[in-house]
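Report on one structure; see the data block that follows.
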Amino acid sequence: MATSVQLKSPAAESLWRVRLRLLRRSFGNNWSIFRESPLGLAGLVIILFYGLIAAAYPILINTVWDPEIYDPKHGYDMEQSMARAAAGLDMNPAPPSATHWLGTDPWGRDVFAQLSFSAAAEFFLGVIAALITVFIGTLVAALAAYFGRFVDTFFMRVADVMLLFPLISFFIVLSALIEDLNLYTLAVILGIVHGFGGIAIVLKSQAMTIKVKPFVDAARISGGNHFHIILSHIIPNLLPLSFLYMMFSVTTAIFSEAVLSFFGVINVHMSWGLMVQMANIAGYLQGDWMIKTWWLFFPPSLSITALCAAFYLVGRGFDEIVNPRLRRV
Amino acid sequence: MNQALPANVSIWVQDVRKLFPVQKGLFVRGKLQHVHAVDHLDFYIQEGESFGLVGESGCGKTTTGSLLVRLLEPTSGHILMRRPQVRGFVLQQGGTPLGAISIRLDEEKRALSVVAADVAPGANPRHFKQQADVALSQLARKPEQLSQVKIHFGENGRGIVMDHISRFQPPSAAQNGRGAWDVWAQRARNVEFMDIAHLDGAGLKRFRRHVQMIFQDPYGSLNPRKTIYDIVAEPLKVQKIGTLHEREAQVMEMLEVVGLTPAESFMFRYPHELSGGQRQRVAVARAIIVRPTFVVADEPTSMLDVSIRTGVMRLMQNLQKEFGISYLYITHDLAVARYMCERIAVMYLGKIVEMGPTEEILQNPLHPYTRALISAVPVPDPAYKRQPIELKGSIPKPIDPHPRCRFYDRCPLASKRCEAEVHPALVDRGNGHFVACYEV
Amino acid sequence: MLEVKNLSVHYRTKKGEVSALENVSFSLERGQALGLVGESGCGKTTLALTLMRLFAENGYIKSGQMLFNGQDLVTLNEEQMRQVRWKGISMVFQAAMNTLNPVYRVGDQIIEAIQNHESTSYEAARARVAELFELVGINATRIDSYPHEYSGGMRQRAVIAMALACYPALIIADEPTTALDVIVQDRILKRMDELRRQLNMAMIYISHDIAVIAEVSEMVGVMYAGKMVEFGPTDDIFKRPQHPYTVALMSSFPSIRGEKHDLFTIPGEPPNLLKPPAGCRFHPRCPYASETCEQSEPALELRDERHSVACWHPVKEKAKVRAS
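Residue numbers (this note's numbering), protein chains in the order written: chain H, 1 to 329; chain E, 330 to 769; chain Y, 770 to 1093.
Here's what the structure looks like:
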């Protein structure tokens, strides 16, 4: 072994470029693992499908659709209503036709436009809420696991409370207090409530297994203080699991919104839950109306189910990446 | 431990204890019990030496390692680490101590500075200062003399002698640790040796540059989400050493030194892409990159394949020679300790029962536990007929142990004296071979 | 009693086929102690699992025979194999202490093992457990304790008792004492040897520690990268190792007795079994490798009485490896 080693020149590329390359490589690796999972792929396909649907509204409304007719809240197709009235049929809701692919709702608004508009809203809601949930959940988990004792107990009791939280009642009260309980506010509140809840507990137990790993001791011996260890070691090892749970959070957020909309508690421009609620108050969910005017109930409710399931399936697909033990050899 | 230390002591553990409270259920009657993981531990490690700590599970060797790197804080006792470049001396003239003085050598500026000076009781302060100045000016001309344990200064035929502080006998047990001499010489000793036992904050962080650790598990000791570069550069980053470019260069150099060549190809790989032996080399690189004076190696090769082990062991020895590092080598494998360590200490239930030069202990073990341990080690020679010494029972948990000898329950030589008296102290039987036993 | 002929076992993985065992042959007599030594990846655990036909789903026996008392275990169906398992051949798994189910009492677990393979009553099985405990050195009062109440050494003994439960003709012990302290290890190995003689059982000890193998086995098989590279009586193998890998392995083990010699390091790393090297699998690391070694695989050939080596250039003098 040479006594004086010559200092070679530093790495040929700059550090950030190397890191970018590594990121791309790991992304490619993870994708090839994800590809193998039929559940994950199915989920991804559904998400892409709804992505297309969500993209449909802004494209169509700016090109072929007449906003007077196709606005999801205020649209009305005078022509069609007249034609139907003349034919002795109920004007609205009208069944699917060439101009209204999923028909119209009891107020004459195009159902597909509503569906498409809501899709974007659902994505928005789901992702924002999920990001907030994961951010809070990861932070709480890392702090609780690392500092233990009082901090741990505090956050775990908060989590217990959140788990038992009666969301519906809470939002009913909240809607009375807050004037404009819109999608954005909803996303934030949902994010916070879920962030301190069950996900914190799950991530905390993972964080506890990370905390006792020798590399954390090694970081301490190098001179790292609490925050260095949490930011540089614990949280990065939590992120795969956090990301996984983010998928499940999206599911929860979308579903929660649907339920809250159904109770008419929130003030959204349009959402799938709202579509079901409106069909309900107009009485079209009773008896065999549900089947006769199927386009009022099934598209939104199936969409809720499908999108929630899709994110869940993608989460299952991620599970194999995050938990290498699950991979089939 | 009743002995004057050699002058080149790097780490000095004094009377260290580590007690862990035993967790009982919610409703417990009676007082809290403690596990005595490490109890009244006394030993020292010299500069550039490899000191082995051997024992079975539960003996406290891992806890000792954790205490020395301050992953754990001792319940009581002192862990003294010599500050680099500071030496304490006692000035004497004609056999009478004049005072104690601590000198620091700033290598970059080649300048000597006095860090502390205390007059001995009964000596003339002005005289002390005079002689001290003379000594200093002479030393300034030849600073290499600082590393000696005894420096003579002839001046007008009245020779001054500077004795290194470690050559002073610590006060005997009868004086209860405090003698008149101690007060004025204490500072000299304290300045040269830093007590890390209860450091915290900035002092602890600075200390971390001097002591590092290599762990047993090559898979768990590297963060799987970081690149090799990140892992090895972390100590530099945390200690804010060097610029980004300098760190990159240092990491490359370190990877070459530990045998991971070509360094460029290893820099940005992840731990799971490396084999066990390679990962352990990364762990070594991380430990050495801050140029510590002392490294604790906790069973660094026990989880590696046999043919890889010797490579890592040899690497550690080479690094020791090249960088002058001392090791605390923790292992349960006596054969490995024989190969790696110049001195070893055998631990049992939180205490050192035997300590001394490795070959001496292995060829001539005195303590009954050491003898039983050695006799139980399998030998890779089918012709050798081992005579294992039977010990009754198995290793107990050291929960609030009886003050008598910890080995009493299992010892084949146990006597009435062993039952009646407290745990025996470590006594030098000659040649630096210490044993804690009444019956041998 | 046991004769393995040209056994090859492969694992199917996404990246290809891993050749875990290739053309392994050896034999074992009744009541004999065989030690299998080698490093991780050499195939010794695969061999043990194959003998019990317990390997993972993606493993399969590519070719070869395993003749146990005349019966070829390779050709048996699952039901027939169940008859052989535990009654003919049983196993002490690696990290056996962790294979005890923590929610059941230890005694019950052994009773279950007995009742799964023989039709005995609960009382008879329990009586046998008491006998077994006495054999392995556990106090019979501990039959009803849970595994976490046992010490490490006791758990190991319990697992050995479980392996002995149906008094098999052959026990395979895979690293039985790796996680134990040296004094406990000594006791357990001694006890296992006594039991072997007492019950006239054959034993296969698998270990990476040649010191343990030297003490407990009568015959030794050295494995490397899925192949049996040397096989013979323990004394012979240790005094006159002929395969360069064996020689290197011996020289890389520190010992507390004898002269303190310089430890040898084998350069390189064990090969990737997805694409093992052509010819002799050890040739990339061998100081004596020649062209023949790169091209053709040497077969296990008998060189001296009972001592076989698979090498084109077996080492003639004692244990002097030229450090390259």
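All C-beta atoms in this analysis are idealised placements derived from N, C-alpha and C, irrespective of residue type, glycine included.
Nearest to residue i (by Cα), restricted to the options the options
| i | options | result |
| --- | --- | --- |
| Arg615/E | Arg576/E, Thr639/E, Glu593/E, Ile637/E | Arg576/E |
| Gln414/E | Gln649/E, Gly722/E, Ser339/E | Ser339/E |
| Asn838/Y | Glu847/Y, Ser832/Y, Phe902/Y, Ile858/Y | Ile858/Y |
| Val276/H | Phe171/H, Gly317/H, Leu307/H, Ser261/H | Ser261/H |
| Ala664/E | Leu691/E, Gly685/E, Lys680/E | Leu691/E |
| Leu22/H | Ala754/E, Arg598/E, Ala674/E | Arg598/E |
| Asp371/E | Ala674/E, Pro709/E, Glu593/E | Ala674/E |
| Ala282/H | Asn182/H, His269/H, Asn92/H, Leu177/H | Asn92/H |
| Pro1083/Y | Glu772/Y, Tyr891/Y, Gln1011/Y | Gln1011/Y |
| Tyr331/H | Thr99/H, Arg84/H, Ser118/H | With chain H represented from 1 up to 329, any question about residue 331/H goes unanswered, as that position is not in the structure. |
| Ala429/E | Lys555/E, Glu521/E, Ala712/E | Glu521/E |
| Ala142/H | Phe196/H, Ala176/H, Met290/H | Phe196/H |
| Ala983/Y | Pro707/E, Phe349/E, His752/E | Pro707/E |
| Lys1085/Y | Ser1065/Y, Ile1025/Y, Lys1008/Y, Asn775/Y | Lys1008/Y |
| Leu680/E | Leu720/E, Pro732/E, Gly424/E | Strictly speaking, residue 680/E in this sequence is Lys, with Leu absent from that position. Selected option, being the one with the closest Cα: Pro732/E. |
| Val586/E | Ala612/E, Cys670/E, Glu563/E, Thr572/E | Ala612/E |
| Ile560/E | Trp295/H, His226/H, Leu238/H, Ile221/H | Ile221/H |
| Leu302/H | Phe318/H, Val268/H, Ala258/H | Ala258/H |
| Cys1049/Y | Ala1079/Y, Ile1025/Y, Leu1032/Y | Ala1079/Y |
| Ser699/E | Arg739/E, Gln467/E, Pro629/E, Tyr668/E | It should be noted that the sequence gives Thr, not Ser, for residue 699/E. If we check each option's Cα against that of Thr699/E, Arg739/E comes out closest. |
Beta-carbon proximity of residue i to residue j, cut-off 8 Å
| i | j | result |
| --- | --- | --- |
| Glu385/E | His661/E | yes |
| Ile1035/Y | Ala1017/Y | yes |
| Ala894/Y | Gln884/Y | yes |
| Leu409/E | Met581/E | no |
| Glu1070/Y | His1052/Y | no |
| Leu1042/Y | Gly995/Y | yes |
| Val756/E | Val769/E | no |
| Val806/Y | His977/Y | yes |
| His363/E | Pro350/E | yes |
| Lys479/E | Val490/E | yes |
| Ala309/H | Gly126/H | no |
| Pro236/H | Arg554/E | yes |
| Trp43/H | Val314/H | It should be pointed out that residue 43/H corresponds to Gly in this sequence rather than to Trp. Cβ distance < 8 Å, so Gly43/H and Val314/H count as in contact. |
| Gly381/E | Ala705/E | no |
| Ala121/H | Ser271/H | yes |
| His233/H | Asn552/E | yes |
| Ser1024/Y | Leu1032/Y | no |
Whole-angstrom C-beta distance between residue j and residue i, which should lie under 8 Å
| i | j | result |
| --- | --- | --- |
| Leu790/Y | Thr814/Y | Wrong, their Cβ atoms sit about 10 Å apart, outside the cutoff. |
| Gln460/E | Gln422/E | 7 Å |
* Check whether the stretch 646-656 of chain E touches the stretch 403-418 of chain E, counting contact only when three or more Cβ pairs, one atom from each stretch, lie closer than 8 Å. => No contact exists between the stretch 646-656 of chain E and the stretch 403-418 of chain E.
* Counting Cβ pairs closer than 8 Å, one from the stretch 74-88 of chain H and one from the stretch 106-113 of chain H, do we hit at least three? -> Yes: the two stretches touch, three or more of their Cβ pairs being nearer than 8 Å.
* Cβ contact check for the stretch 862-874 of chain Y and the stretch 828-837 of chain Y: 3 or more pairs under 8 Å -> Contact fails: fewer than three Cβ-Cβ distances are below 8 Å.
* When the Cβ atoms of the stretch 540-549 of chain E are set against those of the stretch 602-616 of chain E, are three or more pairs found closer than 8 Å? -> yes
* **Under 9 Å (Cβ pairs) to chain Y, residues found in the stretch 722-739 of chain E** => Ser723, Ile724
* Asked: Does the stretch 933-943 of chain Y come within contact of the stretch 968-984 of chain Y, defined as at least 3 CB pairs closer than 8 Å?
  -> yes
* Contact list for the stretch 640-651 of chain E against chain Y, Cβ threshold 8 Å -> Gly640, Met642, Arg643
* To do: Please determine if the stretch 846-865 of chain Y and the stretch 945-953 of chain Y are in contact, where contact requires at least 3 C-beta pairs separated by less than 8 Å.
  => yes
* Asked: At a Cβ cut of 9 Å, what residues of the stretch 229-257 of chain H count as close to chain E, listed as they run along the chain?
  -> Ser232, His233, Pro236, Asn237, Leu239, Pro240
* Asked: Listed from N- to C-terminal order along the chain, which residues in the stretch 380-391 of chain E have their beta-carbon within a distance smaller than 8 Å of any beta-carbon of chain Y?
  -> Glu385, Ser386
* Looking at chain Y, which residues of the stretch 665-679 of chain E have a Cβ within less than 7 Å of any of its Cβ atoms? -> Val665, Arg667, Tyr668
* Asked: Given a limit of 7 Å on CB to CB distance, which residues of the stretch 899-910 of chain Y reach chain E?
  -> If the cut-off is 7 Å between Cβ atoms, the stretch 899-910 of chain Y has nothing near chain E.
* Between the stretch 963-977 of chain Y and chain E, which residues of the former have a C-beta closer than 8 Å to a C-beta of the latter? -> His977
* Contact residues within the stretch 701-717 of chain E, judged by C-beta distance below 9 Å to chain Y -> Ala701, Leu702, Ile703, Ser704, Ala705, Val706, Pro707, Val708, Pro709, Asp710, Pro711, Ala712, Tyr713, Arg715, Pro717
* According to a CB-to-CB cut-off of less than 7 Å, which residues of the stretch 984-1008 of chain Y neighbour chain E? -> Residues are counted here when their Cβ sits less than 7 Å from a Cβ of chain E; for the stretch 984-1008 of chain Y these are Glu984, Thr1003, Asp1004, Phe1007, given in chain order.
* Asked: Using a beta-carbon distance cut-off of less than 8 Å, what residues from the stretch 810-829 of chain Y approach chain E?
  -> Listed by position, the residues of the stretch 810-829 of chain Y near chain E (Cβ gap below 8 Å) amount to none.
* Is there contact between the stretch 924-934 of chain Y and the stretch 783-800 of chain Y, where contact requires at least three CB pairs shorter than 8 Å? -> no
* Segment contact flag, the stretch 382-401 of chain E with the stretch 632-649 of chain E, C-beta cutoff 8 Å, min 3 pairs -> no
* Residues in the stretch 204-217 of chain H having any Cβ partner in chain E nearer than 7 Å -> Lys213, Pro214, Phe215, Asp217
* Along the stretch 1020-1050 of chain Y, what residues have a CB closer than 8 Å to any CB found in chain E? -> Ser1021, Phe1022, Pro1023, Ser1024, Ile1025, Arg1026, Gly1027, Lys1029, Leu1032, Phe1033, Thr1034, Ile1035, Glu1038, Pro1039
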